[in-house]
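Working notes for the structure below.
Given below as structure tokens:
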């Protein structure tokens, strides 16, 4: 081996080239760290939003099923229905499902309001640990609950977990290569799909809502493992490195955001009808574009690097505030619609 290395060195010297260290091992290390961080942030995004999505998917079950006192993990096959307005053409509970939405979003809103003030004083590891414990506690509390009030307390725990985790992990991206923000975003999007489908699939397969929630206790464990075991140490990372390559890779996504909003319309609509519908949706599309553009644009150089950690934590309040306002408006709207004959 030494002879081969000496031969290569002598060959380089004879050709007048400068001797350089073997690059293969550092390259492999960088590639390994890249994929560890990419997968790690994707899993963190998925697991962080998973409990939030599941609680919204289970909102109707949380409000309409009464648990039997003899078996905490069993739903009465013919539960006593909660009184509601039977004259309405809507399927109404005595409490609107907006109550679950508010329990699932208001604690997150409070956390995001207070986070820029002093959350940075708490190290990341305790924050992640609290987030994971709250997520697990939410599944257990809702699954073992015998009352709507207790179930809503479990939903609040899920909200605390999601809000604390979002602020923490978005701030953490400031210390890693900027590509990880895309992986985090992809993971949060996956949570919306996988969370809802997993709850629906398991309950439709015959599993009770309680057993379904308890089966999801592995999600907080994956979140903790992703942070403590999968992510590499951020110190060797260069947040500004590979900026031009990553900017080029991100550019097509920015250019295709608007066209992707259009294919959602029905194929039978004419162009004029589609354009009319699309113009009406601009009231909702534009604010969403502004929110997510501002949140992720900050991570791409809007604020020189020492301000980026704080900025990412501060601006993520925008989407939560909008969701909170929609939940507050849905409460009186629910009562109004249910009173219609």
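In the UniProt record's numbering, the protein residues as written are 1 to 341.
Using N, Cα and C, we set each Cβ at its ideal position, and we do this for glycine too.
Three-state secondary structure (DSSP) of residue 232: coil
Simplified DSSP assignment, three categories, for residue 206: coil
Local conformation of residue 107 per DSSP, three classes: helix
Cβ-Cβ distance between residue 46 and residue 227 below 8 Å: no
Bounding residues of the alpha helix (DSSP H) (the contiguous stretch that carries residue 34): 24-57
Contact under 8 Å by Cβ, residue 100 with residue 55: yes
CA-to-CA distance, residue 274 to residue 352, given in whole angstroms: Because the chain here runs from 1 to 341, residue 352 falls outside it and cannot be looked at.
Cβ distance (whole Å) where residue 202 is taken to contact residue 57 below 8 Å: Going by Cβ atoms, the distance from residue 202 to residue 57 rounds to 11 Å, so no, they are not a contact pair.
Residue environment, residue 41, which counts as buried when at least 16 other CB atoms sit within 10 Å: buried
Alpha helix (DSSP H) runs contained entirely in the region 123-178, provided each spans 4 or more residues: 124-143, 148-172
Residue 320 beta carbon less than 8 Å from that of residue 112: yes
From 189, 29, 158, residue whose alpha carbon lies closest to that of residue 213: 158
Buried or exposed (CB count within 10 angstroms, at least 16 for buried), residue 336: exposed
Proximal residues to residue 222 (C-beta, below 7 Å), its chain only, five neighbours per side dropped: 43, 47
Length of the line joining the Cα atoms of residue 188 and residue 181: 11 Å
Under the three-state DSSP convention, the category residue 270 falls into: coil
Residue nearest to residue 230 in terms of C-alpha spacing, selected from 120, 32, 63, 197: 32
Bounding residues of the alpha helix (DSSP H) (the contiguous stretch that carries residue 338): 317-338
Cβ shell of residue 137 (< 7 Å), same chain only, five flanking positions each side left out: 157
Assumed close pair residue 162, residue 232 - CB separation to whole angstroms, cut-off 8 Å: Actually they are not in contact, since the Cβ atoms of residue 162 and residue 232 sit about 25 Å apart, beyond 8 Å.
Residue burial classification, residue 184 (beta-carbon count within 10 angstroms, cutoff 16): buried
Nonlocal neighbours in the same chain, by C-beta distance under 8 Å from residue 192, ignoring five residues either side: 49, 53
Nearest residue (CA-CA) to residue 330, options 29, 59, 98, 140: 98
Burial state of residue 220, where buried means 16 or more other Cβ atoms lie within 10 Å: buried
8 Å Cβ cutoff met for residue 59 and residue 170: no
Residue 31 beta carbon near the ligand SAM (any heavy atom closer than 7 Å): As presented, the structure is devoid of all ligands, the ligand SAM included, so that no description of it is given.
Chain-order list of residues whose beta-carbon lies under 7 Å from that of residue 172 (same chain, five-residue window excluded): 124
Local Cβ density within 10 Å of residue 117, reported as buried at 16 or more and exposed below that: exposed
C-beta contact flag for residue 347 and residue 155 at 8 Å: As displayed, the chain neither begins before 1 nor continues past 341, which places residue 347 out of reach and without an answer.
Straight-line Cα distance separating residue 283 from residue 322: 13 Å
Bounding residues of the alpha helix (DSSP H) (the contiguous stretch that carries residue 217): Element bounds for residue 217: n/a, residue is neither H nor E.
Residue from 132, 289, 211 with nearest C-alpha to residue 165: 132
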